[in-house]
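One structure below.
Numbering (mature numbering (1 follows the signal peptide of the UniProt record, and there is no 0)), first residue to last: -23 to -1, 1 to 145.
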């Protein structure tokens, strides 16, 4: 398997030898069919899985929590998948630092709001209005993808995309 960047979207190239033919299999954003929730309802959690990468928080395209201890956002994918990578779009106006230090966790547990699931990646920083891709150090299996800020703060994100395969 090979991860390529094409037109700002990563594509997984699976080379399958079928009578000397090779096929591109474009990735599917599993989060689009998911149900999102978050630790506080300061803004609608579902805005982060609407397929819109618009990064303008003030115009209502992003979601964010209240100022709280260890705020989290989660998408229920409704089935367990093997997750290959996730893409996270940061807000482009004020407070783009709100994602700094966020942890991306993937697993099947809702214990502690999914914050105890295995760690996929930690966000050091994402430039304002940009989308960054995070490949888990190993493919993780899970139904829930949780972003948690392990400190007091506001968790803000504009789009969370989850790419993987079913069944796990």
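No residue lacks a Cβ here, since even glycine has one placed at the ideal position from N, Cα and C.
Because the structure is a prediction, the values reported are computed rather than measured.
What do you get for residue i, buried or exposed, if any count of 16 or more other CB atoms within 10 angstroms of its CB means buried?
i, result
"residue 43", "exposed"
"residue 129", "exposed"
"residue 24", "buried"
"residue 114", "exposed"
"residue 54", "buried"
For residue i, which of helix, strand or coil comes out of DSSP?
i, result
"residue 113", "strand"
"residue 15", "strand"
"residue 125", "strand"
"residue 86", "coil"
"residue 97", "strand"
"residue 148", "Lying outside -23 to 145, the shown extent of the chain, residue 148 is not represented and no answer is given."
"residue 76", "helix"
"residue 118", "strand"
"residue 67", "coil"
Using only CA atoms, which one of the options lies nearest to residue i?
i, options, result
"residue 105", "19, 33, 14 and 85", "33"
"residue 79", "56, 5, 118 and 50", "50"
"residue 133", "122, 66 and 88", "66"
"residue 71", "45, 41 and 54", "41"
"residue 93", "76, 126, 111 and 108", "126"
"residue 29", "15, 60, 58 and 64", "64"
"residue 99", "111, 91, 90 and 89", "111"
"residue 31", "75, 4 and 136", "136"
"residue 48", "22, 118 and 15", "15"
"residue 146", "57, 68, 26 and 73", "There is simply no residue 146 to check, as the chain begins at -23 and stops at 145 in what is shown."
"residue 103", "84, 10, 140 and 73", "73"
"residue 18", "141, 45, 35 and 61", "45"
"residue 12", "141, 5 and 21", "21"
"residue 85", "119, 5 and 52", "119"
Mind checking who residue i pairs with in its DSSP beta bridge?
i, result
"residue 133", "41"
"residue 140", "6 and 62"
"residue 51", "14 and 123"
"residue 46", "129"
"residue 108", "66"
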